[in-house]
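Peer 1: To convert, note that position 813 of the sequence shown is 813 in the UniProt record's numbering; the numbers rise steadily by one, no gaps.
Positions of the beta carbon are idealized from the N, C-alpha and C atoms, including for glycine.
Sharing a structure, written as structure tokens. Questions coming.
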Amino acid sequence: MTETPETDAARYDFRTIEDRWLPVWEERQPFRSGKEGDSRPTKYVLDMFPYPSGDLHMGHAEAYALGDVIARHWVQKGFNVLHPIGWDSFGLPAENAAIKRGVDPAGWTEDNIAQQLSSMKRYACSFDWDRVLMTHRPDYYHWNQWIFTRLFERGLAYRKPSQVNWCPFDQTVLANEQVVDGRCERCDTLVTKKKLTQWYFKVTDYADELLDDLETLRGAWPDKVLAMQRNWIGRSRGADVEFAIEGRDEPIAIYTTRPDTLHGATFMVVAADSDLAAELAEGADDATRAEFAAYVESVKTASDIDRLATDRPKTGVFLQRYGINPVNGERLPIWASDYVLADYGHGAIMAVPAHDQRDLDFARAMDLPVRVVLDCRDDAGEPLADPAESGVATTGDGVLINSGSLDGLAKAEAIAAITAELDAAGSGHASVNYRLRDWLISRQRYWGTPIPIIHCDACGEVPVPDDQLPVTLPPAEGLDLKPKGQSPLAAATDWVTTTCPRCGGAALRDTDTMDTFVDSSWYFLRYLSVGKTDGPFDVEEAKRWAPVDQYVGGVTHAILHLLYARFFTKALRDMGMIDFGEPFSALLNQGMVLMDGSAMSKSRGNLVRLSEQLDEYGVDAVRLTMAFAGPPEDDIDWADVSPAGSAKFLARAWRLARDVDSAPGTDPATGDVALRAVTHRTLHEAQELIESFRFNVVVARTMELVNATRKAIDSGAGAADPAVREAAEAVAILLSLFAPYCAEDMWSMLGHEDVALATYPAVDESLLVEETVTCIVQVMGKVRDRLEVPPGIGQDELRELALATEGARRAIGDSAIRTVIVKAPRLVNVVTA
């Protein structure tokens with residue numbers, strides 16, 4: 001439709017509106033959650049906090065827009081909502097940037113935080129600006145150290161030597177998930193293995209609870225995330241079996257989930273990079289030792305994930321050693337290979353190639369025997385092809401064959417029988433194993449939380465006393481922060497040299513810093529009392545607010561960040577500091593923001609800058625576009641959406657408030673009933689849609705309400721109709737979830753103040769009742785007629801009415817009716833013979 005030209009004063013101008021309301025919100029702080037005497041029930045909404053590397057980007061824009069919808073709606077519904085923000089500000093990017101630019105990482109970090117803070121305030125999220133935290137500041141990492149000390153006292157923090165992922169460029173340890181295709185995710189350098197003595201948190205002590213408690217999150221966390229957590233923990237039940245080794249006093253213990261297949265073992269494999277493999281190789285000839293040494297070097301460049309890939313070519317070295325199968329006395333050749341991991345089970349396996357695909361691939365590559373011990377059959381009851389010929393392992397349960405006393409037994413019976421035999425013979429026992437490994441927290445870099453341990457020749461590892469915390473980082477000035485294989489802190493001799501708190505003798509500080517996952521594992525609790533100086537958080541505030549009711553963030557953190565936060569929560573609970581065991585009651589993962597089908601990057605030439613989009617279209621248009629693009633979990637391709645279209649819609653909505661010509665408080669009951677019905681149906685549906693995260697549909701319904709209201713103004717009730725005011729106010733309240741500037745301006749024009757704090761309108765149930773609904777009548781799935789029927793019509797009555805329609809009778813003709821499918825009151829489908 002064509003509307004009359006506007007004067008400059010009456011035109012929707014997002015720049016003017018943003019300039020008008022941002023300083024007002026800065027003064028009023030409408031989302032401050034710590035007001036005294038506030039008796040409203042509480043809700044805690046948390047967005048994963050950002051890393052301060054430059055300004056906010058399009059991914060931030062999506063995540064914060066989505067979390068803000070939830071927080072604002074809960075305020076409308078009468079809750080006291082805690083919605084804080086902070087910065088995950090320790091880590092490699094700041095340190096590498098400081099090295100590249102020759103600046104202090106603290107200064108670089110603070111400058112970026114200031115830039116992001118300004119952008120966040122412009123973006124108008126409902127954050128409580130009294131609760132900001134930054135993990136690089138001593139008032140935060142003091143409590144990292146305090147919690148470390150408590151874990152150390154409980155045996156949950158310890159130090160041990162082990163093979164670790166090592167980035168030669170960044171000169172630091174990497175966690176498995178930081179290795180992508182064998183390369184460091186940050187600098188793309190090939191990763192190698194290195195044996196170092198490192199600090200660990202004993203996450204495995206909570207393995208069962210971490211796994212079992214996932215069941216309590218079913219329906220509240222995405223199924224995909226729950227599956228990823230389960231797989232990462234990887235609990236399995238089986239048996240530990242001891243194999244005697246020729247020429248070795250001690251047997252080798254292997255873990256297997258299928259001890260019933262022991263008779264099918266034809267060789268053994270040990271992890272090439274394990275101490276056991278090195279020991280066994282010592283007994284080989286010179287050529288084999290040289291081959292083994294070269295092979296181990298090649299293994300160092302592969303990540304654990306790559307090594308376990310089923311499609312990876314199988315390689316290895318025969319160690320010229322043999323193990324003895326405890327159930328039949330057979331000699332089994334022992335190989336070293338990279339498809340077995342040193343820290344899984346006992347770092348060695350029995351290989352049953354007929355019934356394990358990786359073992360079969362290895363056997364075929366090395367020309368090793370394959371023996372079938374399971375009679376596996378297809379759905380027709382026919383035996384499956386021999387794996388030695390087909391190249392496909394038969395991995396079903398099957399019935400045992402070629403297995404002595406186990407022949408004819410099914411899997412469960414055979415496992416129980418063989419485990420009992422092994423136990424009686426002293427060569428095995430039932431066992432539980434986990435894929436989960438303890439959390440390696442040591443990092444050989446400067447920009448992180450110093451580990452609060454003092455090394456004393458006389459006393460060993462001594463925690464820094466609480467009254468000497470925090471152990472602050474020495475100034476970066478004068479330190480060479482370039483990677484060199486050990487932490488730059490080692491060069492700060494005045495800082496490193498100290499005295500032992502126990503004996504008073506000369507001692508040295510630990511020079512490693514903590515993995516930044518430590519910072520993010522408990523930050524949700526620090527938000528509850530950011531200024532607290534006598535503890536990490538206020539226990540009473542934790543009882544009031546925690547756990548988090550709704551957590552929002554990317555699926556990239558679906559495994560380790562969430563796992564470690566869950567571990568911290570359980571450990572703090574066991575310390576008596578909190579009374580719950582899961583940190584995040586519900587989780588929403590948003591997708592990525594792409595451009596032309598690919599992740600945005602300068603190198604691809606498809607980078608879209610958030611600041612430029614905000615300048616061109618305005619904050620509200622960008623936020624509305626993010627919400628309208630699709631379900632939150634789906635990726636958004638910015639090339640396929642229209643912030644310009646969102647801006648036009650907002651102008652159209654804004655003009656509704658300008659055109660309303662009735663006083664605030666006018667009783668809408670005397671207004672246009674048809675428009676009122678649209679308004680109340682929209683409000684009713686929006687509540688359910690928001691709770692199910694279908695924000696895009698809420699936007700669509702709001703657009704429909706705007707159109708209905710404009711139609712009423714222009715062709716029906718007129719601007720003075722109370723129903724028009726009611727509809728415009730409803731539009732403003734709904735838009736405040738997505739487009740706060742436009743909504744606030746509308747609310748002000750409608751004679752009110754603080755739309756963000758407005759109560760969600762009560763829905764008049766009587767206006768939701770439809771007098772009639774349209775029932776579609778189909779024959780063989782094709783629409784043949786329509787009926788207007790009461791919403792509560794019964795199935796039998798609707799069936800008869802549908803069969804009596806002219807369209808149905810004509811389509812059925814002389815055909816016999818096989819069945820009639822009735823879905824009252826909307827559909828009847830007649831199926832003919």
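Opposite residue 834 in the DSSP bridges: which residues?
Peer 2: Shown here, the chain extends from 1 to 833; a query on residue 834 therefore has no answer.
Peer 1: Give the single residue among Tyr141, Ala506 and Gly323 whose Cα lies nearest to the Cα of Asp494.
Peer 2: Mapped onto the sequence shown, residue 494 falls at position 494. The residue with the shortest Cα to Cα distance from Asp494 is Ala506.
Peer 1: How many angstroms separate the CA atom of Gly37 from the CA atom of Val706?
Peer 2: For the purposes of this step, residue 37 is taken as residue 37 along the sequence shown, with counting starting at 1. For the purposes of this step, residue 706 is taken as residue 706 along the sequence shown, with counting starting at 1. Cα to Cα, Gly37 sits roughly 38 Å from Val706.
Peer 1: How about Asp55 and Ser611: do their beta carbons lie closer than 8 Å?
Peer 2: Numbered from its first residue, the sequence shown carries residue 55 at position 55. Numbered from its first residue, the sequence shown carries residue 611 at position 611. Yes.
Peer 1: Does Arg101 come out as helix, strand or coil in the three-state DSSP assignment?
Peer 2: On the sequence shown, position 101 is the one that residue 101 refers to. Helix.
Peer 1: Return the bridge partner residues of Arg377 from the DSSP annotation.
Peer 2: Sequence index remark: in the sequence shown, residue 377 carries index 377 (1-based). Paired residue(s): Pro383.
Peer 1: Mapping DSSP to helix, strand and coil, what is Val673?
Peer 2: Locating residue 673 in the sequence shown gives position 673, counting from the first residue. If DSSP states are grouped into helix, strand and coil, Val673 belongs with the helices.
Peer 1: Can you tell which of Leu656, Arg40, His680 and Ala739 has its C-alpha closest to the C-alpha of Ala728?
Peer 2: Stepping through the sequence shown from its first residue, residue 728 is reached at position 728. If we check each option's Cα against that of Ala728, Leu656 comes out closest.
Peer 1: Just to confirm, are Ala708 and Gly671 a CB contact at a threshold of 8 Å?
Peer 2: In the sequence shown, the residue the question calls residue 708 occupies position 708. In the sequence shown, the residue the question calls residue 671 occupies position 671. Against a cut-off of 8 Å, the Cβ pair of Gly671 and Ala708 comes out as no contact.
Peer 1: Nearest to Gly91 by CA position, among Thr774, His680, Gly597 and Ser442, is which residue?
Peer 2: Stepping through the sequence shown from its first residue, residue 91 is reached at position 91. Of the listed residues, the one whose Cα sits closest to Gly91 is Ser442.
Peer 1: Spatial neighbours of Asp785 within its chain, please: C-beta separation below 7 Å, excluding the five flanking residues on both sides.
Peer 2: Looking up residue 785 in the sequence shown gives position 785. Excluding residues within five positions, the ones whose Cβ falls inside 7 Å are Val777, Thr805, Glu806, Gly807 and Ala808.
Peer 1: Below 8 Å between beta carbons: does that hold for Arg509 and Val471?
Peer 2: What you label residue 509 is simply residue 509 of the sequence shown in a count that begins at 1. What you label residue 471 is simply residue 471 of the sequence shown in a count that begins at 1. Yes, these two residues count as a Cβ contact at 8 Å.
Peer 1: Using 8 Å for Cβ pairs, my map puts Tyr741 next to Ala124. What's the rounded Cβ distance?
Peer 2: Mapped onto the sequence shown, residue 741 falls at position 741. Mapped onto the sequence shown, residue 124 falls at position 124. With a Cβ gap of about 6 Å, Tyr741 and Ala124 count as contacting.
Peer 1: Quick one: what's Pro333 bridged to in DSSP?
Peer 2: Your numbering for residue 333 matches position 333 in the sequence shown. According to DSSP, Pro333 bridges with Tyr322.
Peer 1: If the criterion is Cβ atoms closer than 8 Å, does the pair Ser33 and Asp139 meet it?
Peer 2: As a first step, residue 33 must be located in the sequence shown, where it is residue number 33. As a first step, residue 139 must be located in the sequence shown, where it is residue number 139. No. Outside cutoff.
Peer 1: Provide the residue span of the beta strand (DSSP E) that contains Gln174, from first to last.
Peer 2: For the purposes of this step, residue 174 is taken as residue 174 along the sequence shown, with counting starting at 1. First, the residue type needs correcting, since residue 174 is Leu and not Gln in the sequence shown. Start and end: Thr172 to Leu174.
Peer 1: Can you tell which of Asp538, Val464, Met514 and Tyr523 has the C-alpha that lies nearest to the C-alpha of Cys503?
Peer 2: Position 503 of the sequence shown, counting from 1, holds the residue named residue 503. The candidate whose alpha carbon is nearest that of Cys503 is Val464.
Peer 1: Scan the stretch 99-135 and note each continuous alpha helix (DSSP H) run of 4 residues or more that stays entirely inside, going in chain order.
Peer 2: Runs of the alpha helix (DSSP H) inside the stretch 99-135: 105-123.
Peer 1: If you draw a straight line from the C-alpha of Thr556 to the C-alpha of Ser585, how long is it?
Peer 2: Indexing the sequence shown from 1 puts residue 556 at position 556. Indexing the sequence shown from 1 puts residue 585 at position 585. Approximately 19 Å, taken between the alpha carbons.
Peer 1: What residue ranges within the stretch 703-781 form continuous beta strand (DSSP E) runs of no fewer than 3 residues, ordered along the chain?
Peer 2: Those beta strand (DSSP E) runs which fall completely within the stretch 703-781 and span 3+ residues are 773-779.
Peer 1: Is Ala9 helix, strand or coil when you go by DSSP?
Peer 2: In the sequence shown, counting from the first residue as 1, residue 9 sits at position 9. Any reading at Ala9 must be qualified, since the residue scores a pLDDT of 47, below 50, and its modelled position is unreliable; no value is offered.
Peer 1: Would you kindly work out how many angstroms separate the C-alpha atoms of Ala420 and Pro387, rounded to a whole number?
Peer 2: To locate residue 420, count along the sequence shown from 1; it is residue 420. To locate residue 387, count along the sequence shown from 1; it is residue 387. Using only the alpha carbons, I get a separation of about 29 Å.
Peer 1: To which residues of the same chain is Val608 closer than 7 Å at the C-beta, ignoring the five residues directly before and after it?
Peer 2: Here residue 608 refers to the residue found at position 608 when the sequence shown is read from its first residue. For Val608, where only same-chain residues beyond five positions count, the Cβ hits under 7 Å are Met58, Met595, Met600 and Trp638.
Peer 1: Could you please give me the residues that DSSP links to Lys195 through a beta bridge?
Peer 2: As a working note, residue 195 is residue 195 in the sequence shown. Per DSSP, Gln163.
Peer 1: What three-state label does DSSP hand Glu3 in the structure shown?
Peer 2: Indexing the sequence shown from 1 puts residue 3 at position 3. For Glu3, the pLDDT reaches just 43, beneath the cut-off of 50, and the residue's location in the model is therefore unreliable, leaving the point undetermined.
Peer 1: By the three-class DSSP mapping on this structure, what secondary structure does Trp522 have?
Peer 2: Numbered from 1 along the sequence shown, position 522 holds the residue referred to as residue 522. Coil.
Peer 1: Do Asp745 and Ile17 have their C-beta atoms within less than 8 Å of each other?
Peer 2: Here the question's residue 745 lines up with position 745 in the sequence shown. Here the question's residue 17 lines up with position 17 in the sequence shown. For Asp745 and Ile17, yes; Cβs fall inside 8 Å.
Peer 1: Using CA coordinates, which residue listed in Val755, Gln320 and Ser298 is at the minimum distance from Val269?
Peer 2: Counting from 1 along the sequence shown, the entry for residue 269 is found at position 269. Here the closest residue by C-alpha is Gln320.
Peer 1: Would you give the residue range spanned by the alpha helix (DSSP H) that Asp367 belongs to?
Peer 2: Here residue 367 refers to the residue found at position 367 when the sequence shown is read from its first residue. From DSSP, Asp367 is part of no alpha helix (DSSP H); its letter is neither H nor E.
Peer 1: Can Ala627 and Phe14 be called in contact, C-beta distance under 8 Å?
Peer 2: Your numbering for residue 627 matches position 627 in the sequence shown. Your numbering for residue 14 matches position 14 in the sequence shown. No, the Cβ-Cβ distance between Ala627 and Phe14 is not below 8 Å.
Peer 1: Could you tell me if Met1 is buried or exposed, where buried requires 16 or more neighbouring beta carbons within 10 angstroms of its beta carbon?
Peer 2: Within the sequence shown, numbered from 1, the residue matching residue 1 stands at position 1. With a pLDDT of only 31 at Met1, under the threshold of 50, the placement of this residue in the model should not be trusted, and no figure is reported.
Peer 1: Grab the span of the beta strand (DSSP E) containing Arg509 for me, first residue to last.
Peer 2: To locate residue 509, count along the sequence shown from 1; it is residue 509. Run containing Arg509: Ala506 to Arg509, per the beta strand (DSSP E) assignment.
Peer 1: Whole angstroms are fine: how far does the CA of His752 sit from the CA of Tyr12?
Peer 2: Taking the first residue of the sequence shown as 1, we reach residue 12 at position 12. Taking the first residue of the sequence shown as 1, we reach residue 752 at position 752. Whole-angstrom Cα-Cα distance: 19 Å.
Peer 1: Give the DSSP-derived three-state secondary structure of Phe148 in the structure shown.
Peer 2: Position 148 of the sequence shown, counted from the first residue, corresponds to residue 148. Here Phe148 sits in helix by DSSP.
Peer 1: In chain order, what residues of the same chain have a beta carbon less than 6 Å from the beta carbon of Thr7, not counting five sequence neighbours either side?
Peer 2: Along the sequence shown, one-based indexing puts residue 7 at 7. Any reading at Thr7 needs caution, since the residue's pLDDT is 43, under 50, leaving its predicted position unreliable; the model's value is listed next. Answer for Thr7: no residue qualifies.
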